[in-house]
Amino acid sequence: MVSTLLDQAAPGIDPAAYIDETPDDFRVHGAVYTDPYLFRMEMQKVFGKAWVFIGHESEIPNSGDYKTATIGLRPVIMSRADDGGIHVLLNRCRHRGSVICREVKGNSKNFMCTYHGWVYGNDGKLLGIAKHKGGYPDDINKDELGLMAVPRVYNYRGLVFANMDAGAVDFLDYLGEAKPFLDIHLDRSLVGEIDVSYGAHRTEYFGNWKFQSENSTDGYHGDTVHESFFKLVAEFGNRGGQHGAYTQGDFKKLIEHRTAGRTIGFDNGHGIWESPMTEDAILAMKNGPHGEYVKALEDLRGERKAHQMLNSMNLLIFPSLAILHGQLRVVRPIAHDRTEVDIYFYDLNGVPDSYNEFRLSGYQRFFGPASFGSPDDVEIFSVNQTGLQAEEVEWLLLSRGMARETMDNKGVRTGDPTDETPQRAFHRAWKQMMAA
Amino acid sequence: MGEAISRDEAEDFLYEEARLLDERLYDDWLTLFTDDGVYWLPIDDKAAPDKHLSLVYDNHLRIEERVYRLTQYSPPAQTPPSRTQHFVSNVQAWPGENGADAVLHSAQMIYEMRAGDYRQFELGDPRSFAARCEHHLRSEGGVWKIALKRMVLLNRDVPIPNLTFII
């Protein structure tokens with residue numbers, strides 16, 4: 001491989017120095033969010049080495065179905081070939097580098113480069129070179145000129161992850177102790193499957209991608225950023241679809257309840273924020289229109305486990321997938337100060353239709369660019385990015401809850417629900433990958 | 437078949453709605469809707485609202501919540517608040533369908549901007565939204581009311597930052 005600028009250590013750049021951890025303090029340097037050079041490094045050292053979520057297999061149910069996605073900045077296609085197999089291919093013609101697919105999803109047997117007309121199958125094989133004869137040897141080896149396949153692909157219960165690093169650890173080792181929490185999200189379905197078929201809410205903000213990843217498990221911001229939503233719930237209740245565990249009407253109770261729960265930080269940067277259902281809320285749900293679902297879940301998983309599964313539980317899979325409130329949230333870095341967020345609502349398969357409809361209504365109340373919740377988060381990311389232009393204040397403080405955080409023998413750290421335990425786990429992994 | 441609405445009446449109705457929105461008289465805007473009125477901004481303009489996510493799919497209760505949030509609180513995404521200027525054109529008044537007495541078609545151009553410290557990200561940048569609109573109207577005691585407002589934005593299926601104002 002030809003060496004590029006990024007293969008050489010930039011003078012004065014030591015990524016490890018940007019995360020400063022001592023036993024009782026944790027600081028992240030502002031440049032981690034504002035430096036274009038560090039961003040370019042991230043595209044190679046983080047997104048080029050980590051397991052990145054591409055899509056769910058239910059988005060491409062039939063042969064020929066495809067969707068496009070990105071791994072960092074790299075454009076990729078996830079396609080289902082004629083034999084039913086799923087391929088993750090770089091969306092780049094081997095001739096002169098053009099993308100060969102310009103739709104966000106669709107169905108096609110072939111992809112033709114619009115520049116000079118080279119044609120590839122939906123499994124990536126090069127099928128034809130335009131005006132081949134005389135221009136190239138008759139026996140040119142087309143097998144070597146197919147679309148580059150992303151070296152590692154892992155389909156975990158329908159969630160397709162890919163890794164640009166052929167030597168990366170296996171996906172399950174990467175997921176580590178976070179696996180049971182991913183399973184909880186999928187096992188809320190009574191048949192253990194989800195269906196991603198509602199399209200996406202897409203938004204963009206002027207801010208670094210890590211703000212959205214960090215915030216997906218942040219339990220500290222809710223009372224301020226989402227005050228208008230909690231007041232709204234106190235005023236109107238959940239007649240039109242609930243969001244998460246906030247089933248109580250009384251504002252004071254809502255806020256008190258938010259101090260229950262926990263945060264968790266795992267190796268490799270994954271994290272959890274969890275807020276339990278109260279006994280009252282579970283009882284209300286059992287006696288309400290969705291009692292049938294709760295009872296079926298209890299029968300299937302056992303009462304104690306089923307009730308835990310009803311908790312609000314946000315999971316971040318490092319670096320850029322969050323699973324929370326019945327959605328897959330994909331963070332797409334565009335530039336050091338520009339990010340896209342795509343949110344895919346999913347159905348729980350095998351549950352009453354009325355429950356999925358209720359979930360969808362509740363989801364749309366809080367999520368999407370015109371909703372009553374997530375736009376307020378996105379606004380804060382831009383507020384953050386603006387403030388960080390004051391570069392002389394070098395450090396951001398992510399030490400909240402360090403003194404009360406506990407760690408088990410597997411290195412899993414648990415904190416209070418408003419603690420920055422998952423964010424610290426995120427930045428430890430970031431530091432490790434960037435310094436490698 | 438319900439009673440007809442003239443182009444003049446149709447335009448008056450749409451201009452008045454635009455004025456209420458531009459002056460942020462959201463409580464008054466709410467009274468334009470029937471009690472079962474729906475406010476809908478699809479993402480996939482061919483799909484039903486229970487089969488595909490929408491930017492907005494508000495029943496009357498949800499519209500009330502939307503107005504409540506914007507009039508009683510200052511959520512971060514509306515601090516400072518959006519200013520809008522609506523332009524309404526290409527108005528056609530058609531006979532009603534699906535229980536409506538009349539359907540108004542229009543093209544709308546909406547300019548939106550948040551002022552405040554305009555040097556900051558997200559502030560000070562005028563944005564424009566083009567939309568095809570349908571207003572399905574019912575006559576209630578001689579007053580035209582909105583049973584369904586459906587707006588199909590040109591940029592409905594690409595990333596949209598902050599659509600928390602009422603468009």
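Here the protein sequences line up with chains X and W, keeping their order. Residue numbering for the first sequence follows the numbering used here, starting at 1 and increasing by one per position. Residue numbering for the second sequence follows the numbering used here, starting at 437 and increasing by one per position. Ideal placement from N, C-alpha and C gives every residue a C-beta, glycine not left out. Computed from a predicted model, the values in this text were never measured in an experiment.
query, result
"Residues that X:Ile380 contacts on chain W, provided the C-beta gap is smaller than 7 Å", "Pro512"
"Residues of the segment 174-205 of chain X with Cβ closer than 9 Å to any Cβ of chain W, in chain order", "Ser197, Tyr198, Gly199, Ala200, His201, Arg202, Thr203, Glu204 and Tyr205"
"Cutoff 8 Å: X:Asp123 Cβ touching any chain W Cβ", "no"
"Three-state class that DSSP yields for X:His226 in the structure shown", "coil"
"Bridge partners - W:Cys569, DSSP secondary structure assignment", "W:Ser542 and W:Met587"
"N-terminal and C-terminal residue of the alpha helix (DSSP H) that X:Tyr120 is part of", "Element bounds for X:Tyr120: not the alpha helix (DSSP H) but the beta strand (DSSP E), Val119 to Gly121."
"The segment 258-267 of chain X / the segment 188-204 of chain X touching (three or more Cβ pairs under 8 Å)", "no"
"Residue closest to X:Asp408, alpha-carbon to alpha-carbon, out of X:Glu177, X:Phe318, X:Leu388 and X:Glu394", "X:Glu177"
"C-beta contact flag for W:Arg489 and X:Phe345 at 8 Å", "Note on identity: in this sequence residue 489 of chain W is Leu, with Arg being the wrong assignment. Going by C-beta atoms, W:Leu489 is nearer than 8 Å to X:Phe345."
"Neighbouring residues, chain W, relative to X:Phe236 (Cβ below 8 Å)", "Leu497, Glu500, Glu501 and Tyr504"
"Beta-carbon proximity check, X:Asn311 vs X:Leu324, cutoff 8 Å", "no"
"Per-residue burial, X:Ser228 [other beta carbons within 10 Å of its own, 16 or more giving buried]", "buried"
"Any C-beta of chain X under 8 Å from that of W:Gly438", "Because the pLDDT at W:Gly438 is just 46, under 50, the model does not fix this residue reliably, and the point stays unresolved."
"Range covered by the beta strand (DSSP E) that runs through X:Asp82", "Per DSSP, X:Asp82 belongs to no beta strand (DSSP E) and is neither H nor E."
"Nearest candidate by alpha-carbon position, reference W:Gln556, set X:Phe111, X:Pro137, X:Phe206 and X:Glu59", "X:Phe206"
"Contact with chain X by W:Val492, beta-carbon distance below 8 Å", "yes"
"Residue burial classification, W:Phe523 (beta-carbon count within 10 angstroms, cutoff 16)", "exposed"
"Residue-chain proximity (X:Ala335, chain W), Cβ-Cβ < 8 Å", "no"
"Residue nearest to X:Phe171 in terms of C-alpha spacing, selected from X:Arg332, X:Pro422, X:Asn287 and X:Phe318", "X:Phe318"
"Three-state class that DSSP yields for X:Val104 in the structure shown", "coil"
"Whole-angstrom distance between X:Asn110 and X:Lys125, CA atom to CA atom", "9 Å"
"Beta-carbon proximity check, X:Asn107 vs X:Asn155, cutoff 8 Å", "no"
"Own chain, CB closer than 7 Å to X:Glu298, minus 5 neighbours either side, in chain order", "Ala306"
"With 16 other Cβ atoms within 10 Å as the buried cut-off, status of X:Asp218", "buried"
"Span of the beta strand (DSSP E), counted from its first residue to its last, around X:Asn163", "Leu159 to Asn163"
"The segment 23-38 of chain X / the segment 135-148 of chain X touching (three or more Cβ pairs under 8 Å)", "no"
"Proximity test, Cβ basis, 8 Å: W:His571 and chain X", "no"
"Interface partners of W:Tyr475 on chain X, CB under 8 Å", "Residues of chain X passing the Cβ test: none, with the nearest at roughly 10 Å."
"Closest residue to X:Tyr198 among W:Asp480, W:Ile441 and W:Ile596 (Cα-Cα distance)", "W:Asp480"
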